[in-house]
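Single-structure report; data block below.
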Amino acid sequence: MLSAQSLAAIDREVAKYPADQARSAVMGALRIALVERRETGKTPEERCLNTEVIEFVANYLNIAPVAAYEVATFYNMYDMKPVGKYKITVCTNLPCALSGGVNAAEYISKKLGIAIGETSADGKYTLLEGECMGACGDAPVLLVNNHKMCSFMTPEAIDKKLAELN
Amino acid sequence: MLEIEIDGKKLTVPQGSTVMDAAHSVGTHIPHFCYHKKLSIAANCRMCLVEVEKAPKPLPACATPVTDGMKVHTHSDLAKKAQAGVMEFLLINHPLDCPICDQGGECQLQDLAVGYGNSTSRYQEEKRTVVAKDMGPLVSAEEMARCIHCTRCVRFTEEIGGFQEIGMANRSEFSEIMPYLGKTVNSEISGNVIDLCPVGALTSKPFRYTTRAWELSRRKSVSPHDGLGSNLIVQVKSNEVMRVLPLENEAINECWIADRDRFSYEGLNSAERLQKPMIKFDGKWHETDWETALAYVVKGLNGVSADHGKDAIGFLTSPHSTTEELYLAQKLARSFGVNNIDYRLRRSDFSADAAQQGAQWLGSSIVELTTAKSILVVGSTQRKEQPLLASRLRQAVKKGSALNVIHVTDDALLTAVNAKLIVSPLALVNALAQVLKAVVELKSAQTAVDLAAVTVGAEAQAIAASLSGAESAAIVLGNVAQHHPAFAQLLKLAQEISALTGARFGLLAEAANSTGAELVGALPHRAAFGAAATAGLNAAAMIAAPRKAYFLLNTEVESDSYNPQAAVAAMKQAATVIALTAYKGAGLLDYADVLLPIAPFSETAGSFVNMEGKLQSFNGVVRPLGETRPAWKVLRVLGNMLGLTGFEQNSAEEVRAELLAKGSIESSLSNALGDVAINAAVTTGLVRIGEVPLYQADAICRRAPSLQKTADAAAPVASAHSSVLASLNVAAGSQAVLRQGSGELKVLVEADDSLPADTVRLATAHPLTAGLGGMFDSIALSQG
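Residue numbers (our numbering), protein chains in the order written: chain A, -1 to 164; chain B, 17 to 800.
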């Protein structure tokens, strides 16, 4: 279900923990599974996690499938539903909100013509609200595709970023 | 020891205690939902907040370790305000549906809301809704909006059940308790989550909406299923058993019971219950009265004994019958002059009968077994034979015991196994002999057993090292070992290993009263408490050399025998088959001539002796159904009508007193064997692994509809190693033909590479496989 490369990466995660605590590697393993699916999936459904993949990862780590499912559904970086090519997650927690986080989210929403939580019709963008990303000093902040953090996202910076993505 | 003051009461508690433990030890109640003494600490309900002096805010009592000089106030204004605040939050999303909730009247949230909640809610907004989950036929999760996310059920499946089948998905207000998508909860002890759930989210599917908790009367009883002897609370309404709950007994079942103990009560109210005596004539069944039926039985027994002699009669009894019934059955048989009596219908090896020196039992107490540092389980499909004991063994492993396994299948034990030897039934003796040889070498000791031809493998070496190195060790033989054609050798080998290592050894008693049956002498070679008896035929011999008359006590031979094919044939050729039974099963209706309705455990007083030799007596919880009578009474009256002496008992208690006066249980228990020849050579050939399915073990659970809907009760399929299938040209997943004796069965065959080579695994004791032969005999497999 996963490539040899991904499995090797998961093995590296497992090796970071004591032999009888492979469970600790579940977050890393799910991340690796999601990255592979995002890169290789042909349809939007194939580019996110599903129960088969989660069960596969759980079995690989020798933990109960539901234990991996708990983790996958707890963190919003694990995509359980199809998302666009660019998944933009804007932090709207209190410190960001005080520094324009909500405005940033609304600006992007207007600009892309999609509400928060929606994916654009062409499947290019998904806009989500996120929880604190640990960079309140850089507010407003947003994440592109889980891994790319963008700081000080004023309307101008957002325009620039979206142009870049385009 | 640490000093602590709770509400002004000074006490000392051991290091590592929590405030909750300390409060419980002085009888102070702290409200809680997520805390449970047998589960790990979660501290997520926050209901147990208490005030601790010098702490800046209220602390959860369940997760706060006691420190020296700590002063705790459980009912101060601060504590009460904190608890009331938590309660208000818990009730925000909890539906106000107590009037239609099954938990109403026995709900912890309802009870605590009376003490800590407000009469009206300040919360005006919409409550959240949660979709229902499917957890299988036993546990209902229809109203998950009631859940307060204490995660007791999650922790139970993971920590006690051994496999996390339930989880809490999503986050914050979207959290939901669920099994993995598309799966049900299949643990054989899953019903305990119903008791654990402090609200009405998880309820009992068979019990739901039948009655209210306060309408039930609670009566103590003992489980009639496996040899553990779980203590039960049977709840009764209008003379009907409505539900079964655990009665806490730390030495036996702790606070749990297996699903078989909990849901088998449905079988007590089955439509198949026999309510009136029945006699067959002209090939048709006719209901009759007791007088006629008993006279018919007496005439039958006298007739056969006059025409063919007493030896032409065979008594087959059940280890699920009470001690009193079994005692009277053997007394009746022996007083009448019949020596053919046995309870061991599923055994195939009786060669050690002469060498047996006492009543076979566990060899230690259950607590001693589960605290032994090294445990070797031989021939036991643990989770399906002894569901609750298997869970106790898992706890033992967690506490540092080494669990070693010698078995014929490699089913997941859901725990860490130190060393295991998975071999064909034909190599089971050899496997245990390997361990003995390894022990002999390790200890440079001597043994009388000839082990020259035995080659010790690495796993046997590891098992031997584990047993000899541990300060306390135990070897136990499960059902598969007991039913095995070389049971005597296995027990003898266990004894030899025990002699060298100091390990205790014994049997995991198959049924609730196996040990009791041994004690009271429902055996062809031993009378009550080991008194000498004129040797009669054992169960297998009574089938192999068919008798003219059979007297069946609480047994259905097509499901309870080692070889159902031969057993049913023997019944059919008999001139008369007298059955004392609670059910008019299809088999009995076919081969019996007279059916006498006897009471199951819920309708008679009696006692069971569990695997550790503990006699637990109980009273009937409901009146006998219809014209049903307790079996001890029927046996007593039969004794009178046959003109025998010593059948004047007026109650089950009198029978018990009479039998207990004959000897002491403690001194009669012994697994010691005299001489038994050991043949550790491994023979080859395709052999069957025929285990008894979890919910086919006895007549009651066979008729419990909810248990029969579980995954464990699914129709048997055959499985074999893929090399076996390949060599016989049978495709995995195809219908294949299995043959034993004159029996033939077309059944789905699956590949299972965890099975040893040269074996076919196919459950016995199921209507589908009743036409086949011996449980561990040779079998032929071919393309369908």
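Don't be surprised by glycine CBs; every beta carbon is placed ideally from N, CA and C.
This structure is a prediction, so every number in the text was calculated from the model and none was measured.
Roughly how many angstroms separate the alpha carbons of V424/B and A447/B, rounded to a whole number?
Residue numbering aside, residue 424/B sits at position 408 when the second sequence is read from its first letter. Residue numbering aside, residue 447/B sits at position 431 when the second sequence is read from its first letter. So the alpha carbons of these two residues sit roughly 10 Å apart.
So which of K70/B, S623/B, F223/B has the shortest CA-CA distance to T83/B?
As a position in the second sequence, residue 83/B is number 67, starting the count at 1. Comparing alpha-carbon positions, the option among K70/B, S623/B, F223/B lying closest to T83/B turns out to be K70/B.
At a Cβ threshold of 8 Å, is N186/B touching chain A?
In the second sequence, the residue the question calls residue 186/B occupies position 170. At least one chain A Cβ lies under 8 Å of N186/B.
G379/B and R520/B: beta carbons closer than 8 Å?
Numbered from its first residue, the second sequence carries residue 379/B at position 363. Numbered from its first residue, the second sequence carries residue 520/B at position 504. Taking the C-beta atoms as reference points, R520/B is found nearer than 8 Å to G379/B.
Sequence-distant residues of the same chain with beta carbon closer than 8 Å to G662/B, five excluded per side:
Here residue 662/B refers to the residue found at position 646 when the second sequence is read from its first residue. Same-chain partners within the cutoff: K347, S351, G655.
L378/B CB to nearest chain A CB: under 8 Å?
Translated into the one-based positions of the second sequence, residue 378/B becomes position 362. Taking 8 Å as the threshold, the shortest C-beta distance from L378/B to chain A does not fall below it.
Please say whether I22/B and T90/B have beta carbons closer to each other than 8 Å?
Residue mapping note: residue 90/B aligns to position 74 of the second sequence, counting from 1. Residue mapping note: residue 22/B aligns to position 6 of the second sequence, counting from 1. In contact: T90/B and I22/B (Cβ atoms closer than 8 Å).
Buried/exposed call for A23/A, threshold 16 Cβ in 10 Å
Counting from one through the first sequence, the residue named residue 23/A turns up at place 25. It counts as buried.
So, does the CB of P153/A fall closer than 8 Å to a CB anywhere in chain B?
Stepping through the first sequence from its first residue, residue 153/A is reached at position 155. Cβ-Cβ to chain B under 8 Å: no for P153/A.
DSSP three-state label for E19/B, please.
In the second sequence, counting from the first residue as 1, residue 19/B sits at position 3. DSSP, reduced to helix, strand and coil, places E19/B within a strand of the structure shown.
For the region 50 to 78 of chain A, which residues have a CB atom closer than 7 Å to at least one CB atom of chain B, in sequence order?
Taking a C-beta cut-off of 7 Å against chain B, the contacting residues of the region 50 to 78 of chain A are A62, P63, V64, A65, Y67, E68, T71, F72, listed in chain order.
Start-end ranges of the alpha helix (DSSP H) lying completely within the region 143 to 188 of chain B, minimum 4 residues
As far as the region 143 to 188 of chain B is concerned, its whole alpha helix (DSSP H) runs of at least 4 residues are 168 to 171.
Does the region 62 to 76 of chain B come into contact with the region 90 to 110 of chain B, if we say contact requires no fewer than three beta-carbon pairs (one atom in each stretch) closer than 8 Å?
A contact exists between the region 62 to 76 of chain B and the region 90 to 110 of chain B.
Let's test the definition: count the other Cβ atoms within 10 Å of the Cβ of S206/B and tell me whether it reaches 16, buried, or not, exposed.
Here residue 206/B is taken as the residue at index 190 of the second sequence, counted from 1. Buried: at least 16 other Cβ atoms inside 10 Å.
Anyone know if the C-beta pair for S233/B and D277/B falls short of 8 Å?
Your numbering for residue 233/B matches position 217 in the second sequence. Your numbering for residue 277/B matches position 261 in the second sequence. A distance of 8 Å or more separates the beta carbons of S233/B and D277/B.
Reduced DSSP secondary structure (H/G/I, E/B, other) of K588/B
As a working mapping, residue 588/B is identified with position 572 in the second sequence. Note: K588/B maps to helix in three-state DSSP.
Cβ of E181/B within 8 Å of any chain A Cβ
Within the second sequence, the letter at position 165 stands for residue 181/B. Yes, because at least one Cβ of chain A sits closer than 8 Å to the Cβ of E181/B.
Which stretch, first to last residue, makes up the beta strand (DSSP E) that contains Q251/B?
On the second sequence, position 235 is the one that residue 251/B refers to. That run of the beta strand (DSSP E) goes 247 to 253.
Beta strand (DSSP E) containing E534/B: first to last residue?
One-based indexing of the second sequence puts residue 534/B at position 518. Here E534/B belongs to no beta strand (DSSP E); instead the alpha helix (DSSP H) covers 530 to 536.
Report the neighbours of L197/B on chain A: residues whose CB is nearer than 8 Å to its CB, in chain order.
Locating residue 197/B in the second sequence gives position 181, counting from the first residue. Residues of chain A passing the Cβ test: T49, Y67.
Beta carbon of P501/B, beta carbon of D365/B: below 8 Å?
Reading the second sequence from its first residue, position 485 is the one you call residue 501/B. Reading the second sequence from its first residue, position 349 is the one you call residue 365/B. Less than 8 Å separates the beta-carbon of P501/B from that of D365/B.
Hey, E487/B and K389/B: beta-carbon distance below 8 Å or not?
Locating residue 487/B in the second sequence gives position 471, where the first residue counts as 1. Locating residue 389/B in the second sequence gives position 373, where the first residue counts as 1. Yes, they are a contact pair.
For F297/B, the first and last residue of its enclosing beta strand (DSSP E)
Taking the second sequence and counting its residues from 1, the one referred to as residue 297/B is at position 281. Bounds of the beta strand (DSSP E) holding F297/B are 294 to 297.
Could you work out which residue in L641/B, L553/B, P613/B, R672/B is closest to V650/B when comparing CA atoms only?
Taking the first residue of the second sequence as 1, we reach residue 650/B at position 634. With distances taken between Cα atoms, V650/B lies closest to P613/B.
Rounded separation between S367/B and A504/B - CA only:
Translated into the one-based positions of the second sequence, residue 367/B becomes position 351. Translated into the one-based positions of the second sequence, residue 504/B becomes position 488. It is roughly 6 Å from the alpha-carbon of S367/B to the alpha-carbon of A504/B.
When the Cα atoms are used, what is the spatial distance from I249/B to V238/B?
On the second sequence, position 233 is the one that residue 249/B refers to. On the second sequence, position 222 is the one that residue 238/B refers to. For I249/B and V238/B, the gap between their C-alpha atoms comes out near 8 Å.
Best match in L539/B, K149/B, Q126/B, E707/B for proximity to Y356/B [C-alpha to C-alpha]:
Locating residue 356/B in the second sequence gives position 340, where the first residue counts as 1. The question names Tyr, but residue 356/B is Asn in the sequence shown. Here the closest residue by C-alpha is L539/B.
Beta carbon of A185/B, beta carbon of Y84/A: below 8 Å?
Translated into the one-based positions of the second sequence, residue 185/B becomes position 169. Translated into the one-based positions of the first sequence, residue 84/A becomes position 86. Going by C-beta atoms, A185/B is not nearer than 8 Å to Y84/A.
Reducing DSSP to helix, strand and coil, say where W230/B ends up.
Position 214 of the second sequence, counting from 1, holds the residue named residue 230/B. In this structure, W230/B counts as helix in the three-state DSSP scheme.
With contact counted as at least three CB pairs below 8 Å, one residue from each stretch, are the region 766 to 773 of chain B and the region 554 to 566 of chain B in contact?
The region 766 to 773 of chain B makes no contact with the region 554 to 566 of chain B: fewer than 3 CB pairs, one atom from each, lie closer than 8 Å.
Any chance you could list the beta strand (DSSP E) runs of at least 3 consecutive residues sitting entirely within the region 511 to 572 of chain B, in chain order?
Those beta strand (DSSP E) runs which fall completely within the region 511 to 572 of chain B and span 3+ residues are 520 to 523, 565 to 569.
Considering only the beta carbon of each residue, do L197/B and V209/B sit closer than 8 Å?
Indexing the second sequence from 1 puts residue 197/B at position 181. Indexing the second sequence from 1 puts residue 209/B at position 193. Contact check for L197/B against V209/B fails: the beta carbons are separated by 8 Å or more.
Is it right to say E760/B is buried, meaning 16 or more other beta carbons lie within 10 angstroms of its own, or is it exposed?
Along the second sequence, read from residue 1 onward, the residue named residue 760/B stands at position 744. Exposed, by the Cβ-count rule.
In the DSSP assignment, the alpha helix (DSSP H) including K109/A goes from what residue to what residue?
Working through the first sequence from its first residue, we reach residue 109/A at position 111. First-last of the alpha helix (DSSP H) with K109/A: 99 to 110.
Considering only the alpha carbon of each residue, which of K199/B, G629/B, R777/B, I391/B lies closest to P63/A?
For this step, residue 63/A is matched to residue 65 along the first sequence. When each option's Cα is compared against that of P63/A, the closest is K199/B.
Find the nearest neighbour of C169/B within the set H52/B, I705/B, Q126/B, judged by alpha-carbon distance.
Residue numbering aside, residue 169/B sits at position 153 when the second sequence is read from its first letter. Of H52/B, I705/B, Q126/B, the residue nearest in Cα terms is H52/B.
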